[in-house]
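Everything below concerns the one structure shown next.
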Amino acid sequence: MKLLSDYPMIAKYSGSDVHERLREAEELELSALAEELRRLIISVVSKNGGHLASNLGVIELTIHMLRIFDPRHDRIIWDVGHQSYAYKILTGRAEEFFNLRRDGGISGFPRREESPCDAFNTGHSSTSLSAALGMARAFKLRKETRSVVAVIGDGALSGGMAMEAMNDMGDDDDVIIIVNDNQMSISPNVGRIARDFASIRVNPYYVGLKPRIEAFVTRIPLIGRALANGLRRIKAYFRHLTQPRNCIFEGWGLRYYGPIDGHDSRQLERYLSAMRNLHGPRVLQIFTQKGRGYAPAEEEPENFHGVAPFVVEPVRDKQQRNGNGNGETTEVTWADIVSDCLLEQGESDDSVCVITAAMSSGTGTFEFGRRYPERFFDVGIAEQHAVTFAAGLATAGLKPVVAIYATFMQRAYDQLVHDCCLQNLPVTFLISHVGLVGGDGETHQGVLTLPMLLPLPNLQVLQPQSASALKEQLEYALNYRQGPTALIYPKGIVDDPIPTLNFPGENPTGTTTAVAPRLLRAGADMAILSSGNTLKTALQAAEQISCSEAQSAEIAVIDLQHLNSPDLNGLIPILAKYPRLITLEEGILAGGMGHYVTECLRKSGLSTPVLNLGLKEYPRGIFSTNRMLRLNGLDTDGVATEIAQWLRR
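Numbering (this note's numbering), first residue to last: 1420 to 2068.
Here it is in C-alpha cells:
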C-alpha cells in the first residue's frame, strides 16, 4: 500500500470486499473518499492519459452503488466503460491504477479478465442494456436473486441498440437502469408536487405496502380486478401530470424515478436503496457534472474527455493546454489535416456535407460544423444511422463525408454494404484510428479495417501517407461520382511526405496521382508494397538490409495508395520484373492488403514468391503502439529480420 500513502481513505476502503467496507463508513469518511478519488484520478490521468471529465462526474454514484450493491454477487455494467476508474480503484485495483493504460497495466475499460467485479467487457456504446437484460433473464431461469444494474449515459441511451433492449424488456425483467445525464438532455421534473410524488414512490414503507394493497384489492369479489386496473390508470395519469417529459421511459413499460442530483450522497443512498428493493425494469435518472472537482474540466469538459498527459493546473487557455505552453501547437495530427481539408472543400463546394457520430473533435470535423452548421450533421452515437443518412444525402446530389473511427465503423458494416456499396452511391468515408491503437486496448483497435473494406463491391479504399496526399485523395473522392470511397489513416501525428521517384521503364498509366502507385525507393532484388504509416518502416528496413554485410539486397519500396484496384492500377507489369515481393501492413493478415495483392498477382498469372507481413492475430492487452509493433515483429528491426530470414531460405 506504499503507493496509497497519500490516499488513506482509498487504502481503507479499496478491496474486493468493498461492499462490506463501505456499508460501515460514515458520511464524513465518504466525503473524504470522494475527494481522494478525484485527486488520484486527476494525478494518474495527467501522467498516463485517459478519460478524465466523465470519471470525475461519477465519483459519488460509484461510492453509493458499491454501498448498496455487492459487485461480487450483483452485476454492475458500465456502458462504454470509460467512466469506470473509481469503480476499478474501489474494487481492489487501487495500486494497479497507477499503471492505467501503460504497457502491461490495467485497462481504461471494464475487463472481466481483470476482476470478478467487472461483470461485462465494454468499450463501445449502448451495449449495457442488452447485456443486463440477458443476465437478468439468466438469473431468473436459474432462480438466483441478484441485482443487475446498467449505468448508461444520456448520449449512449440514444443508440439504437439501447432502444432495442428497452423495447424487449417485459414487466418481470428485473433490470435497474441508471441514466447518467450530464448534458441535461432529458428535461427535469419541475414543481413541489413532482418532488413530493417522487419522494413517496421511493419511501421504503410505500414500496413494501404497494404490492400488498394491489393484491388485496384484486381479491375483492366481482369488482377487484377492474378496481385494481382503475387505480393503476389513475396513478399513471397522476404520474404523467407530474413527470410529463420523462414518460418516454414509461412508454417503454419502464418505471421511472428521478431526476436526482448525482452528487448528493443522501439522495443517492435513498434512491439506490429503493431501486434494489423494487422489481421489474426501472430507471433512475441522475444529473451529474462532467469534470467535477477540476476547474478546467468543468469549464471545458469536451476538451477533457479523452486526454493525453497534461500539467495539472487550472489553465484557461485551451491552446496552452494542448500546445507547448506558449499557445503554439508543436505537432500536426491527422485530425488537424482533416479539419483543414474539409474547410477548404466546404468553402469551394457548397454541396459538401459532413456527418459524424458524436465524435466531432476526435475526427477533426468540429470546425467545419462551426463554420458551416447547415451542412454539418452530428447524429449522436448512431453510426448505423450516420451511414444510411449519408447514403440518402448522396441520392439527392450532395457530397456527404462520413468521419468515423475505424473501431466504430464496425458497427455500421451492414449499412456500408447494403445502403452504400450495393447502391454504388458516392459517399466519402474518412476512417481514422486505423491500425494499432495504443492505450485504449483491444476494443478500440483498427486492425480489422482492411479485411472489412477490401472485399466490398464498388468501394475504393485509399490510404494517404502525408497531409498533401490526404488533401489530394479527398478532393479526388469528392469528385468521384461513380461510387463510394474510403480514406483510411492512423491515429496521431502525420508523417512528412516521402518524395516520389520514377519507376524503371514506364510509370503506371491511366490513373491520377491521387491513387496511382508511387515508387519511393529503387531496388532490383525485391520490392516491398505498403501504404500509409508503414511506408516509413518499409524504407528503414530496406535501408537496413542494403547496408547489411551478412545479407545485402537492394529493395524497392512502393506506395500502393489505392489498395483494392483490381489490377493494382497498372502495377502488375512492373511487379513482374521483381524476383521477390513483400507486402507490409499494420492490420490483420487474413483478408488484408497482402492477401489481396497476392490474389491479384495469381489472377494475372504471376507466380512470384510473396512474403506477407502483418498481424497474425488480433492484439490483446494494454500496450503502447510501439510496443505492439515490436511484439508482432512489425517495427523496423522486426521487418528487417523477417526479410533477412526469407532471403536465406
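Cβ atoms here follow ideal geometry from the backbone N, Cα and C, with glycine treated the same way. Bear in mind that the values here come from a model prediction, so they are computed numbers and not experimental data.
When DSSP labels each residue in this structure, what does P1819 get in the three-state scheme? strand
Per DSSP, the bridge partner or partners of H1470: G1725
If I measure Cβ to Cβ from L2053 and keep anything under 6 angstroms in the same chain, skipping five residues before and after, which residues do I get? none
Given 8 angstroms, three or more beta-carbon pairs between the stretch 1701–1710 and the stretch 1458–1476: yes
Buried/exposed call for K2035, threshold 16 Cβ in 10 Å: exposed
Suppose contacts are defined by Cβ-Cβ distances below 8 angstroms. Is T1416 in contact with S1547 by that definition? With the chain running from 1420 to 2068 in the structure shown, residue 1416 is simply not present.
On the DSSP bridge assignment, give the partners of D1978 in chain order. R1937, S1949
Can you name, in chain order, every residue of its own chain whose Cβ lies under 6 angstroms from the Cβ of L1893, other than the five neighbours on each side? C1760
Given a cut-off of 8 angstroms, decide if S1566 and D1498 are closer than it, judged by their beta-carbon atoms. no
Beta-bridge pairing of D1797 - partner residues as DSSP gives them: T1775
Less than 8 angstroms separating the beta-carbons of I1850 and A1801? no
Rounded C-beta distance between D1522 and S2043? I'm assuming under 8 angstroms. 6 angstroms
Any idea which residues DSSP pairs T1680 with across the strands? The amino acid occupying residue 1680 in the given sequence is Asp; Thr does not appear at that position. DSSP output for D1680 lists F1706 as bridge partner(s).
List the whole-angstrom C-beta distance separating Q1980 from A1935, where the pair is believed to meet the contact cut-off of C-beta under 8 angstroms. 7 angstroms
Going by the beta-carbon positions, is the gap between A1805 and D1838 smaller than 8 angstroms? no
Buried or exposed: which applies to Q1970, given that a residue is buried once 16 or more other Cβ atoms fall within 10 Å of its Cβ? exposed
Quick one, which of M1580, N2045, I1823, V1771 has its alpha-carbon nearest A1754's? I1823
Let me make sure I understand the geometry here. Which of R1491, G1799, L1948 has the alpha-carbon closest to that of I1977? L1948
What do you get for R1611, buried or exposed, if any count of 16 or more other CB atoms within 10 angstroms of its CB means buried? Note on R1611: pLDDT 43, under 50, position unreliable in the model; no value is reported.
Are the Cβ atoms of P1700 and L1673 separated by less than 8 angstroms? yes
Member of S2023, V1568, G1858, A1975 whose CA lies at the smallest distance from the CA of T1919: A1975
Three-state secondary structure (DSSP) of T1748: Since pLDDT at T1748 reaches only 47, below the 50 mark, its modelled position is unreliable, and no value is offered.
Beta-carbon spacing of C1487, R1794 below 8 angstroms: The sequence shown places Ile at residue 1487, not Cys. No, the pair does not count as a contact, with Cβ atoms beyond the cut-off.
Tell me whether T1784 sits in a helix, a strand or coil according to DSSP, three-state version. coil
Whole runs of the alpha helix (DSSP H) within the stretch 1972–2037, excluding any shorter than 4 residues: 1991–1994, 2012–2022
Could you pull out every residue in the same chain whose Cβ sits closer than 6 angstroms to the Cβ of S1770, ignoring the five residues on either side in sequence? L1817, K1818
Three-state secondary structure (DSSP) at R1735? Confidence in R1735 is poor, its pLDDT being 43 and thus under 50, which makes the residue's placement too unreliable to answer from.
Alpha carbon to alpha carbon, how far is H2153 from V1731? Because the chain in this structure spans residues 1420 to 2068, residue 2153 falls outside the shown range and cannot be described.
Within the continuous beta strand (DSSP E) that includes Q1502, where are the two ends? Per DSSP, Q1502 belongs to no beta strand (DSSP E) and is neither H nor E.
Check whether the Cβ atoms of Y1895 and A1946 lie closer than 8 angstroms to each other. no
From G1434 to A1451, what distance separates their C-alpha atoms? 17 angstroms
To which residues of the same chain is G2011 closer than 7 angstroms at the C-beta, ignoring the five residues directly before and after it? L1869, P1870, E2004, G2033
Going by other Cβ atoms of all chains shown within 10 Å of its Cβ, with 16 needed for buried, is P1678 buried or exposed? buried
Would a check of beta-carbon distances place F1516 closer than 8 angstroms to chain B? Looking at the structure shown, chain B is missing, and only one protein chain is on hand.
Run through the stretch 1872–1912 for me and flag every whole beta strand (DSSP E) of 3 or more residues, listed as ranges in chain order. 1879–1881, 1904–1907
Other residues of its chain near T2002: CB distance less than 8 angstroms, five sequence neighbours each side excluded: I1947, L1948, S1949, M2012, G2013, V2016, T2017, V2029, L2030, N2031, L2032, G2033
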